[in-house]
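Engineer: Under this note's numbering, the first residue of the sequence shown is numbered 10, with each subsequent residue one higher. Got a structure for you, written out below as structure tokens; questions coming shortly.
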Amino acid sequence: MDLVVEIYRLIRSLPKEENYALADQMRRAVVSIPSNIAEGKGRTSLKDYLRFLAIANGSCAELDTQIELAIRLRYFSEEQAANSKGLLTEVGKMLTVMQVRLNNPKSES
């Protein structure tokens, strides 16, 4: 959820012509991450949960690409995006750990 708030903050610095293009894509990607985690958790099977975690992970990759694109277009600097990128890395690592542990429950000793 912190990542969502941070991306919404970052998006405010995009030019107005990007409101319905890059900004919208970034909003969709970042909101998709916690939404898919929650939806997967609410499902009744582990297979479904893992599928939704994989979708959330894909949204992380999509958002990472969009942040990098915005930096290359000079809509914001590396410094402006640093907190968002850090949170995104953290979320990606958490998703990976969740997927590994759910796929290998016996490895949790």
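Each residue gets a CB set at the ideal place from its N, CA and C atoms; glycine is no exception.
Can you give me the Cβ contacts of Q75 inside the same chain, cut-off strictly under 7 Å, excluding the 5 residues immediately before and after it?
Structural biologist: Excluding residues within five positions, the ones whose Cβ falls inside 7 Å are L31, Q34, M35 and A38.
Engineer: What's the call for A90, buried or exposed, on a 16-neighbour Cβ count within 10 Å?
Structural biologist: When all chains shown are included, A90 counts as buried.
Engineer: Figure out for me which residue from Y84, E48 and S93 has the closest Cα to the Cα of C69.
Structural biologist: Minimum Cα distance to C69 is reached at S93.
Engineer: With G101 as the anchor, note down where its alpha helix (DSSP H) starts and where it stops.
Structural biologist: Counting along the chain, the alpha helix (DSSP H) containing G101 begins and ends at E87 to N112.
Engineer: For S86, I'd like the list of residues in its chain whose CB is within less than 8 Å of its CB, leaving aside the five on either flank, ordered along the chain.
Structural biologist: Around S86: I80.
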